[in-house]
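Colleague: Per the working numbering, residue 47 is the first one in the sequence shown, and the count goes up by one each step.
Each residue gets a CB set at the ideal place from its N, CA and C atoms; glycine is no exception.
Remember, predicted model here, so these are calculated numbers, not experimental data.
One structure, pasted below without further comment.
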Amino acid sequence: MKSGFVAIAGRPNVGKSTLVNALCGSKVVIVSDKPQTTRRRIFGIANGEDYQLVLVDMPGFQRPRDALTERMQRTVDRSFEDVDAVLLAVDCRDRIGAGDRFVASRVFGLGVPVVIAVNKVDRLKPGHIASQMATAAELGPFVALHPVSAKTGDGIGELREELVALLPEGPLYFEADARTDLSVDAQIAELVREKALGLTREELPHAVSVDVEEIDERRVRAAIYVETESQKKIVVGQGGRVIREIGTRARPEIEALLGRGVFLDLQVKVRPHWRRDDAMLERLGL
Ligand SMILES: Nc1nc2c(ncn2[C@@H]2O[C@H](COP(=O)(O)OP(=O)(O)OP(=O)(O)O)[C@@H](O)[C@H]2O)c(=O)[nH]1
Ligand SMILES: [Mg+2]
C-alpha cells in the first residue's frame, strides 16, 4: 500500500482546486473563476486499490492585506509541513513569470520531489503549449513535468500515476471511502459560498463568507456574511432574485452530499470588517 500527502501549490486561480477534483475523480473542493476561492487547507483524497493519495488543496500564494489573507498565507506555509511531494501548478494561458517563480522558490527548497503541472492546455495551441512547458521547466529541478487540463481530464491519469509513484509505503490515513477531511457543515458552507462567488463580481466575492448554523432532518440553515449593507443588497438581489438563485444552485449538491432532500434556508447578514475580526475568522474556521 502506498500512501501519503501531496501539496498543491501555485498562484491564485491557476486551477489547483480543479486539479484536486480531477485527480480525485469527483468534486471535493469548490472552484470559481475568482482568485482566492480556496481559503483554508483542505484534503482531497484519491483512493485506489493499492494507494491512498491525499491531495492538500490550499489558498494561492499572495501578499497578505488583512487578517483573512494573513491567515490564508499562514495556512499555505503550514500546508507544506510533512508532505511527501509537491505539485506545482502553473496556468499556461498566462505568462509564467515572477509570481510563479516566487512560489517555485518556496517549494523547491522543501527537500521533497516537485512535479510541475502545466494546466489549462485545452485553451492553447500545441506550439504554444510546448513553449510554455519550456518556460515552466526553468522554474526549478522538477522530477516530472505534465501538461494537463484539469477541466477536460487530459493528462490527469498520467499525473495521478506519477504522484502515486512518489508516495512511500504507508498506512491508510483516512477510511478507504473518505473523500475529504472537511466536516459536512463545512462542505455545505463551501458549496453555498461557491454559488455566491459565481453570482457576484469584483470585490464582493472576497467579502462573502458562509456559516452553517443548523442542520436537521429537513432543513439546512446558513448565514451568508457580507461586510456592508450595499453588499447585502447585491447578494439578496432585486426581490430576492440572487439569493434564491444561490439556493437553487446549491441545494441539489447539498442534497447529494446529505443523501436526502432538504429545505435550504439562507440569510444574508452584515458583519462589518469580518475579514479583520479574529474572533469571527476563528468561528468561520479560517
Ligand atoms: N479552460 C480551463 N479552465 C480551467 C482549468 N482548470 C481550472 N480552470 C478554471 O480556472 C478557474 C480557477 O480554478 P480553481 O480551481 O478555482 O483555481 P485555484 O488555483 O484553486 O484558485 P484559488 O483557490 O482562488 O487560488 C476556474 O474558472 C476553473 O474552471 C483547465 O484545465 N482548463
Ligand atoms: Mg482553489
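Which first and last residues belong to the beta strand (DSSP E) in which Phe309 is found?
Modeller: Locating residue 309 in the sequence shown gives position 263, where the first residue counts as 1. That run of the beta strand (DSSP E) goes 309 to 316.
Colleague: Buried or exposed, going by whether 16 or more other CB atoms sit within 10 Å of the CB of Leu218?
Modeller: Counting from one through the sequence shown, the residue named residue 218 turns up at place 172. Flag for Leu218 reads exposed.
Colleague: If I follow the unbroken beta strand (DSSP E) through Asp231, where does it start and stop?
Modeller: Residue mapping note: residue 231 aligns to position 185 of the sequence shown, counting from 1. Where Asp231 is concerned, there is no enclosing beta strand (DSSP E), although the alpha helix (DSSP H) it sits in stretches over 230 to 244.
Colleague: With a Cβ-Cβ cutoff of 8 Å, do Arg147 and Leu185 count as a contact?
Modeller: For this step, residue 147 is matched to residue 101 along the sequence shown. For this step, residue 185 is matched to residue 139 along the sequence shown. Yes.
Colleague: Suppose contacts are defined by Cβ-Cβ distances below 8 Å. Is Met104 in contact with Ser72 by that definition?
Modeller: For the purposes of this step, residue 104 is identified with residue 58 of the sequence shown, where counting begins at 1. For the purposes of this step, residue 72 is identified with residue 26 of the sequence shown, where counting begins at 1. No; because the gap between Cβ atoms is not below 8 Å, this pair is not in contact.
Colleague: So the beta strand (DSSP E) Asp137 belongs to, where does it begin and stop?
Modeller: Against the sequence shown, residue 137 aligns to sequence position 91. 131 to 137 is the extent of the beta strand (DSSP E) around Asp137.
Colleague: Please confirm whether any heavy atom of ligand 1 lies closer than 7 Å to the CB of Asn93.
Modeller: As a first step, residue 93 is located in the sequence shown; it is residue number 47 there, counting from the start. Flag unset: Cβ of Asn93 not near ligand 1.
Colleague: Can you grab the Cα-Cα spacing for the pair Arg290 / Val282, in whole Å?
Modeller: By 1-based counting over the sequence shown, the position of residue 290 is 244. By 1-based counting over the sequence shown, the position of residue 282 is 236. So the alpha carbons of these two residues sit roughly 8 Å apart.
Colleague: Relative to the C-alpha of Val132, which candidate in Val161, Ile142, Val254 has its C-alpha closest?
Modeller: Looking up residue 132 in the sequence shown gives position 86. It is Val161 whose Cα lies nearest to the Cα of Val132.
Colleague: Can you give, in chain order, each stretch of the beta strand (DSSP E) that sits fully within the segment 174 to 228 and has at least 3 residues?
Modeller: The qualifying runs are 190 to 193.
Colleague: Suppose only complete runs of 3+ residues qualify. What are the beta strand (DSSP E) ranges in the segment 255 to 309, listed by chain order?
Modeller: Runs found: 255 to 261, 265 to 272.
Colleague: Look up Val74 in the DSSP assignment and give the residues it is bridged to.
Modeller: For the purposes of this step, residue 74 is identified with residue 28 of the sequence shown, where counting begins at 1. Answer is none; Val74 lacks a bridge partner.
Colleague: For Gln119, name the three-state secondary structure that DSSP assigns.
Modeller: The residue given as residue 119 occupies position 73 in the sequence shown. Helix, per DSSP.
Colleague: Starting from Phe148 and walking both ways along the beta strand (DSSP E), at which residues does that stretch end?
Modeller: For this step, residue 148 is matched to residue 102 along the sequence shown. Taken as a continuous stretch (DSSP letters only), Phe148 belongs to no beta strand (DSSP E), being part of the alpha helix (DSSP H) at 144 to 153.
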